[in-house]
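Student: Under UniProt numbering, the sequence shown is numbered contiguously, ending at residue 89.
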Amino acid sequence: MTRIMREWSETEEKIAQDTVDKFHKVLNAMLAEKKMTHADLGAALGVTRARASQLLGRNTNPSMRYTALVLHRLGYTLEIKKIKSRRRK
């Protein structure tokens, strides 16, 4: 099988995992702000409470489409910003 992408460096893996971790943290904060339970989130998404709980798990890596759906159903959107250039020393 031909690889579409090269393997990720340790730094890239860390960045990717940090982004997923931030999503989970923000999602939990959104639920707390709205006083929503996992069952409430499941109802908003049309899935079970168990599936909603999985979404909040550390080892879950939701697709961009699913992330967009979750945010939309909770009344939020995703903003993508350019990384400020870092000066090399």
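Yeah, the Cβ is synthetic: ideal placement off N, Cα and C, and Gly gets one too.
Could you tell me whether the segment 64–75 touches the segment 34–52, where touching means 3 or more Cβ pairs closer than 8 Å?
Tutor: yes
Student: Check for me: the alpha helix (DSSP H) holding residue 15 runs from which residue to which?
Tutor: Looking at the DSSP string, the run of the alpha helix (DSSP H) that includes residue 15 is 10–33.
Student: Evaluate contact between the segment 17–28 and the segment 54–61, counting only Cβ atoms and requiring at least three cross-stretch pairs below 8 Å.
Tutor: yes
Student: Would you kindly work out how many angstroms separate the C-alpha atoms of residue 16 and residue 10, rounded to a whole number?
Tutor: So the two alpha carbons sit approximately 10 Å from each other.
Student: May I have the straight-line CA-CA distance separating residue 34 from residue 51, to the nearest angstrom?
Tutor: Going by the C-alpha atoms only, they are around 19 Å apart.
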